[in-house]
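Residue numbers (this note's numbering): 69 to 598.
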């Protein structure tokens with residue numbers, strides 16, 4: 069039975085590479101008193117620069133490879149939707165006392181600043197951070213250590229002081245932000261004034277290439293319906309609008325973007341410089357590039373899907389797992405009158421997915437209609453890829469488990485984040501686990517243990533990983549001082565003699581992986597081409 073299963077999984081798996089070369093470089097060896105190993109916060113960048121938060125003689129310090137800053141009686145940390153911040157001011161400190169601060173994931177320490185921290189923003193980047201502080205009657209805005217604005221509180225709306233979305237970063241440090249100066253809001257990109265307005269800017273975004281998007285409020289000449297305040301959506305090429313709200317949005321590194329929200333009753337979506345209005349709630353948004361996208365909606369009582377600008381109608385009550393590729397292929401599952409069907413490149417497959425007297429439960433469908441699904445009867449489960457039974461019948465009482473990737477890999481929720489064209493979930497059966505990436509099974513893994521946030525992970529735990537536009541990677545602890553790297557179900561590499569992995573300090577672009585770990589009291593950088 070075991071050999072039979074492994075043979076089938078091997079046939080379904082991607083081409084794997086086991087002999088990948090991984091390079092390691094010594095970065096730092098700890099002191100005898102283990103100051104660095106006992107650090108509350110450890111951060112590395114791609115180049116090997118570092119920052120430790122350490123305690124010595126009842127004082128706290130930032131220690132980087134270039135400087136030691138401290139001692140302070142306190143280095144605090146706060147985590148929220150703006151990211152995570154480290155700072156040296158405590159509640160008991162005078163508000164006029166200068167303090168240092170940093171993005172908790174990064175290696176750069178910024179400062180000094182003054183006042184009470186009202187809000188902060190990292191845009192989920194590793195090095196960048198902006199803060200807003202108040203002191204007496206003044207409001208201060210800092211970006212990566214630079215004071216960019218000082219205003220009197222009377223010139224700034226109260227809600228603006230505590231708002232973190234006045235600024236947005238790209239990973240490499242590009243920044244878009246707005247400030248209120250006198251009676252105008254002024255929009256800046258990398259400190260260059262772009263435009264001014266009597267009304268606020270919203271939902272700013274910028275990428276590593278310097279491409280940016282934003283929404284701008286405006287009062288129309290006449291009220292539109294019962295509203296006298298609307299929004300216009302701006303890219304670098306186009307202005308779209310008007311729309312009533314700008315709730316969800318995303319800008320990708322390749323310049324693809326969208327905005328969506330309620331438009332005074334109906335919904336809208338602005339995607340890649342095209343605006344679609346007067347539609348019902350938009351869902352299943354998949355955004356790959358400026359020409360390749362998909363979303364579902366309803367219009368005039370009909371259910372529809374927009375694929376790269378082409379509209380297709382369908383009769384399903386509900387759809388699942390839509391997928392598409394850059395060649396224009398697309399597919400999804402549809403539910404109608406109990407049964408589950410496939411819909412491929414605009415055509416409904418006539419026969420439903422049904423066996424053993426039950427309908428299929430969908431797991432994945434490829435853009436050309438390759439299907440991964442299972443049938444669940446009163447006593448058994450049958451897992452199929454198209455017409456191929458992957459396992460022999462699985463007793464319903466067995467440990468057959470399927471988990472979404474967000475339950476397995478570290479995950480930061482970002483509102484408005486679209487699907488990226490890839491699929492990933494975890495499947496476990498008969499004391500073996502599998503990553504299923506775009507319908508392909510990984511090699512068998514030891515079962516993954518529930519995540520915990522302690523440094524000492526138990527065997528089976530995922531110590532770090534990511535699922536993104538570049539695919540996925542995971543590092544699993546598989547034994548004492550032994551770890552396994554899995555990347556896109558194509559690369560597998562075991563690492564020996566490592567005490568633990570630094571969970572937050574990794575860099576993954578689909579072509580290479582850089583991360584950091586500890587071996588015998590020393591910190592090492594590990595780099596692997598994929």
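C-beta: ideal position from N, C-alpha, C; glycine also.
On a predicted model such as this, the values are computed, not experimentally measured, just so you know.
Residue pairing by DSSP places residue 445 in no beta bridge whatsoever. Our two residues, residue 298 and residue 346, have alpha carbons roughly 15 Å apart in a direct line.
For residue 318, the secondary structure class from DSSP, reduced to helix, strand or coil, is strand. Within the region 168-240, the alpha helix (DSSP H) runs of at least 4 residues that lie entirely inside it are, in chain order, 226-229. Look at residue 143 here: in three-state DSSP terms it is coil, with no helix or strand label. Burial check for residue 482: the Cβ neighbour count within 10 Å stays below 16, so the residue is exposed. The Cβ atoms of residue 579 and residue 598 lie closer than 8 Å to each other.
The alpha-carbon separation between residue 133 and residue 119 amounts to approximately 7 Å. Contact between residue 105 and residue 531 fails: their C-beta atoms lie close to 16 Å from each other, not under 8 Å. For residue 584, the beta-bridge partners assigned by DSSP are 593.
Following the DSSP letters along the chain, one finds residue 267 in no beta strand (DSSP E), marked with neither H nor E. Residue 460 sits in coil when the DSSP states are folded into three classes, being neither helix nor strand. Burial of residue 318 is indicated by the presence of at least 16 other C-beta atoms within 10 angstroms of its C-beta.
Ranking 533, 459, 507, 147 by CA distance to the CA of residue 498 puts 459 first. DSSP lists 442 as the bridge partner or partners of residue 451. Sequence-distant Cβ neighbours of residue 513 in its own chain, meaning closer than 6 Å and more than five residues away, are 501. Within the same chain, 328, 484 come within 6 Å of residue 316 by CB-CB distance, once the 5 residues on both sides are set aside. Between the region 179-193 and the region 225-245 there are three or more inter-stretch CB-CB distances shorter than 8 Å, so the stretches are counted as touching. Note that the region 256-265 touches the region 273-288; at least 3 beta-carbon pairs, one per stretch, sit closer than 8 Å. Note that the region 160-167 does not touch the region 113-132; fewer than 3 beta-carbon pairs, one per stretch, sit closer than 8 Å. Among the bridge pairs identified by DSSP, residue 298 is matched with 286. For residue 127, the uninterrupted beta strand (DSSP E) segment begins and ends at 127-132. Per the DSSP secondary-structure output, residue 552 pairs in a beta bridge with 544, 562. In the DSSP annotation of this structure, the continuous segment of the beta strand (DSSP E) that includes residue 122 starts and ends at 118-124. Within the same chain, 217, 254 come within 6 Å of residue 247 by CB-CB distance, once the 5 residues on both sides are set aside. Bridge pairing for residue 427: 422 [DSSP]. Residue 510 has its alpha-carbon roughly 43 Å from the corresponding atom of residue 178. Counting of Cβ neighbours within 10 angstroms places residue 362 among the buried residues, the total reaching 16 or more. The residues 91, 582, in chain order, have a CB closer than 6 Å to that of residue 595 in the same chain once the five nearest residues on each side in sequence are set aside.
For residue 364, the number of other beta carbons within 10 angstroms of its own is at least 16, and it is reported as buried. Setting aside the 5 residues that flank it on each side, residue 358 is surrounded in the same chain by 322, 323, 324, 340, each with a C-beta closer than 7 Å to its C-beta; the list follows chain order. By the CB criterion at 8 Å, residue 491 and residue 432 fall inside the cutoff. Between the region 388-404 and the region 462-481 there are fewer than three C-beta pairs closer than 8 Å, too few to call the two in contact. Per the DSSP secondary-structure output, residue 258 pairs with nothing in a beta bridge. DSSP places residue 361 in the uninterrupted beta strand (DSSP E) bounded by 361-367. Shortest Cα-Cα distance from residue 353 to any of 391, 527, 156 involves 391.
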